[in-house]
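Residue numbers (my numbering): 89 to 656.
Beta carbons are placed, not taken as given, at the ideal position from N, Cα and C, and that holds for glycine.
The structure appears right after this line, and notes come after that.
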Amino acid sequence: MAPGSRPIRKLARRGLGVGRKVRDRASAARLDRQRQAVLGPDAGVRQASFHDQPLWGRVVDSFTAAGAAADNLGLVADALERAGISYFVVPGVSRTAWALGVRESDREAFLASMRELYAGTVVFAARPRPGGVSDFSLFADEVWPKSLSSAPVMRFGVVRLGPAGQVLGGPQLGCDVEFWRDGAELLAGPQAEAELARVSPQASADVLADSLVAPRRNRVADVLPTAEQQPAKVTVAGRVHPTFAPFTVTTVEDVTFPIDVVYTWVDGQDPELRAKRQKYRSEGDVGIAAREVGESRYTSHDELKYSLRSLEMYAGFVRHVYIVTDGQTPEWLDPDAPGVTVVDHKDIFPEGVLPVFNSHAIETRLHHIPGLSDHYLYFNDDVFVGRSVTPQHFFHANGIARLPFSSYQIGAGAPHPQASAPNSAGRNVRRLLEEAYGVSITHKFLHTPHPQRRDVLNDLERDFPDAIGRTMRSRFRSIEDVAPATSFHHHLALLTGRAVPGKFTYRYVDVGKAHLEERVESLKARRGYDFFCLNDVDTAPERREYVRSYVRDFLEWYFPYPSSFERA
């Protein structure tokens with residue numbers, strides 16, 4: 089076989105690839121030993137994995153995503169101010185982390201200041217990439233990749249770990265530093281034509297020559313003429329940072345109205361409530377499958393406690409939380425804590441209707457909560473926020489809701505006693521909307537937070553009084569129910585121009601199924617979902633204690649720190 093033949097070349101390339109992998113593994117092992125030597129004595133520092141990437145981080149005793157992002161901003165600002173380097177806050181594409189602009193000419197002085205402050209520590213530097221970072225390095229490292237120090241954008245911060253070493257806040261919460269360039273220098277360089285094309289139509293050559301130019305897009309402008317570089321201030325977590333006036337404007341994409349959260353909750357183990365529920369159930373046939381009114385419908389794994397923790401960790405924009413209950417208060421909840429109100433069914437239902445044990449009935453009255461914001465989120469207590477989210481996940485700036493459509497369909501035909509209650513309710517909604525609007529509906533909705541508009545729910549009461557009234561008086565789930573807060577609200581909002589389909593990254597787990605452990609492990613492997621639901625549909629009696637323990641252990645792992653709503 090000739091030395092230059094294709095099989096020989098293929099074998100040679102394969103040999104080079106194997107050799108490269110061996111060298112990479114050896115290099116990684118050396119780096120790990122060096123980090124262990126520098127960081128090992130610090131008991132608060134641990135090695136971890138995030139999105140299958142090995143990381144190093146610091147164990148913290150409390151955590152919110154907003155707080156971590158602000159702290160990462162602060163550690164970068166400390167280095168800049170220490171060195172006397174001018175910087176400005178940039179309204180970056182991410183709404184859950186911060187970005188700063190620094191002149192390219194100040195790069196070396198900035199990096200030198202960072203090294204002086206953070207040498208030998210677990211502070212990281214990396215290159216932001218779509219979906220993650222590359223060139224992850226520590227200030228404890230002796231050498232960085234060459235591509236990192238010269239990157240047009242660098243990310244800095246500290247990975248925050250929970251008590252078990254789990255990643256609570258990874259590199260996605262780091263502070264980005266963008267190295268802005270002088271426009272005149274760009275026009276004098278070899279890439280002048282490409283730069284002009286990149287910023288068109290924002291700036292002509294004349295404007296570009298008298299501007300600072302960003303290395304990437306942001307939410308306002310990536311070309312900033314000298315005349316627009318008017319000093320302004322931005323306050324983050326009580327600390328004032330410099331910026332420019334154009335970067336402080338409220339844009340048409342910014343949600344500025346308040347957003348509250350409403351939970352419905354029941355303590356299914358309460359003996360008085362169980363007795364009351366059994367009393368009314370024995371009065372007659374509820375006309376629906378037993379699983380729809382079975383014990384699993386009322387089983388508590390303390391989900392509400394952890395769902396509230398998830399809100400505080402990852403949805404700091406929420407103004408107020410309302411918990412709607414049947415005269416109950418969770419024993420761990422501090423009812424006097426700022427930001428939370430317990431609402432009794434008696435406060436929102438008309439006289440002569442209660443008691444009800446039907447979530448559809450309760451949903452007919454949620455928009456009557458006194459003081460509730462006009463735009464709010466409806467949570468079941470088994471729904472959790474899995475990572476940082478913003479108001480823009482749920483609403484557009486003009487108030488239009490973003491709906492969590494599911495790929496699952498309602499199906500054809502009339503409601504049936506053996507069908508799931510949501511399916512039957514959806515079919516009833518379909519019939520009513522066909523009669524009123526002449527169009528049909530086909531799809532269900534995900535088990536996520538549900539964006540709600542009070543005006544839409546008021547219209548439901550006004551335009552469909554019989555269906556809403558009948559559902560309100562339905563003590564237990566029935567095949568005659570409608571689903572006011574989900575299917576009915578969402579489809580009416582869509583039909584009347586007050587909602588559009590949204591996109592939600594989401595995981596559903598039926599805790600009574602055999603795949604429980606597999607699905608939960610996928611949640612633990614990476615905090616890659618905006619939301620997840622742990623739904624107890626109909627867990628077999630012999631597995632309930634195991635499921636209860638397993639679910640609580642997982643939730644304690646994912647949300648390890650008490651929220652401000654819990655008793656001390």
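- In the pairwise beta carbon analysis, the segment 573 to 590 is classified as not touching the segment 610 to 617: fewer than three pairs are separated by under 8 Å.
- Across the structure, proline 259 and threonine 530 are spaced so that their CA atoms are roughly 40 Å apart.
- With a cutoff of 8 Å on beta-carbon distance, valine 639 and histidine 433 are scored as not near each other.
- For isoleucine 347, the enclosing beta strand (DSSP E) has its first and last residue at 347 to 352.
- In the DSSP annotation of this structure, aspartate 264 is not part of any alpha helix (DSSP H); the continuous beta strand (DSSP E) holding it starts and ends at 263 to 270.
- For alanine 320, the closest alpha carbon among the candidates Val337, Val308 and Arg304 is that of Val337.
- Residue range 594 to 598 is occupied by the beta strand (DSSP E) that includes aspartate 598.
- Membership of aspartate 223 in the beta strand (DSSP E) is indicated by the continuous run 220 to 226.
- DSSP places glycine 162 in the uninterrupted alpha helix (DSSP H) bounded by 153 to 170.
- In the assembly as shown, glutamine 540 is a buried residue. Its beta-carbon has 16 or more other beta-carbons within 10 Å.
- Alanine 136 and valine 247 do touch by the CB rule: their CB atoms are close to 7 Å apart, below 8 Å.
- The segment 171 to 179 makes contact with the segment 306 to 314; the number of CB pairs closer than 8 Å reaches 3 or more.
- For arginine 563, the number of other beta carbons within 10 angstroms of its own is at least 16, and it is reported as buried.
- The segment 140 to 147 makes contact with the segment 248 to 267; the number of CB pairs closer than 8 Å reaches 3 or more.
- Distance from the CA of proline 233 to the CA of threonine 209, rounded to the nearest whole angstrom, comes to 18 Å.
- Short of 7 Å from the beta carbon of phenylalanine 472, and not among the five residues preceding or following it, lie these beta carbons of its own chain, in chain order: Tyr394, Ser395, Ser398, Phe619 and Phe620.
- Taking C-alpha positions only, histidine 456 is separated from cysteine 263 by approximately 42 Å.
- In this chain, the alpha helix (DSSP H) harbouring tryptophan 645 covers 632 to 646.
- Distances from the CA of glycine 557 to each of Pro648, Phe437 and Asn623 were compared; the closest alpha carbon is that of Phe437.
- Distance between aspartate 159 and leucine 249, taken at the CA atoms: about 14 Å.
- Excluding the 5 residues flanking it on each side, serine 201 has same chain C-beta neighbours closer than 6 Å at Ala167, Arg170 and Ala171, in chain order.
- Nearest C-alpha to proline 537 among Ala509, Asp469 and Ala280: Asp469.
- Between leucine 548 and the set Glu568, Ala581 and Arg565, the nearest pair of CA atoms involves Ala581.
- For the pair proline 218 and aspartate 358, the Cα-to-Cα distance works out to about 48 Å.
- Cβ atoms of serine 512 and isoleucine 567 come within 8 Å of each other, at about 4 Å.
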